[in-house]
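Residue numbers (the numbering used here): 529 to 716. In what follows, a structure is listed as structure tokens, so that the remarks can point back to it.
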């Protein structure tokens, strides 16, 4: 069961209808798998999966939220950042499909809306959302993630636009984040 909103990296996502968001990071299956893992061999997932309809087609958004990103010029930090987030996207897609296919005793934790999908007609979006990130800084990250996830996109026959690197303003325009409160309504 999920609340209408979820806060990650200082951004409030939602509202989401009940059963259309799967908090994979809090998954019982993930917890059990990680209990059996050796140190540093645990499964790292994205924040959550969101089921939406985009252009008339069911689409599962795999969301990873960050409050910052390294500059591409700091090559080592940048490469590790891309590798870590790529791993989260791939792990989340793999774990979701394992749950969908009932490969684990706890597979029933997957919400009914996700379970009832015809996977042949589902699109996926792998979306990294970075809070407060300047729009001009997004293209190098978009390029890096498109390259890093190229094989995943190819294996799953996804369109190249399935990999998104956006900031919170763009995410809000996509309807992923809670609408901003106008200053005159902010009761702080």
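Ideal placement from N, C-alpha and C gives every residue a C-beta, glycine not left out.
CA-to-CA distance, residue 704 to residue 653, given in whole angstroms
12 Å
Given a threshold of 16 other Cβ atoms within 10 Å of its Cβ, counted over all protein chains shown, does residue 557 qualify as buried or as exposed?
buried
According to DSSP, what are the bridge partners of residue 587?
580, 651
Those residues which DSSP pairs with residue 594 across a bridge:
658
Considering only their Cβ atoms, is the gap separating residue 553 from residue 533 smaller than 8 Å?
no
Excluding sequence positions up to five away, which residues of its chain have a Cβ less than 6 Å from the Cβ of residue 673?
691, 693
To the nearest angstrom, report how far apart residue 612 and residue 544 are at their CA atoms.
27 Å
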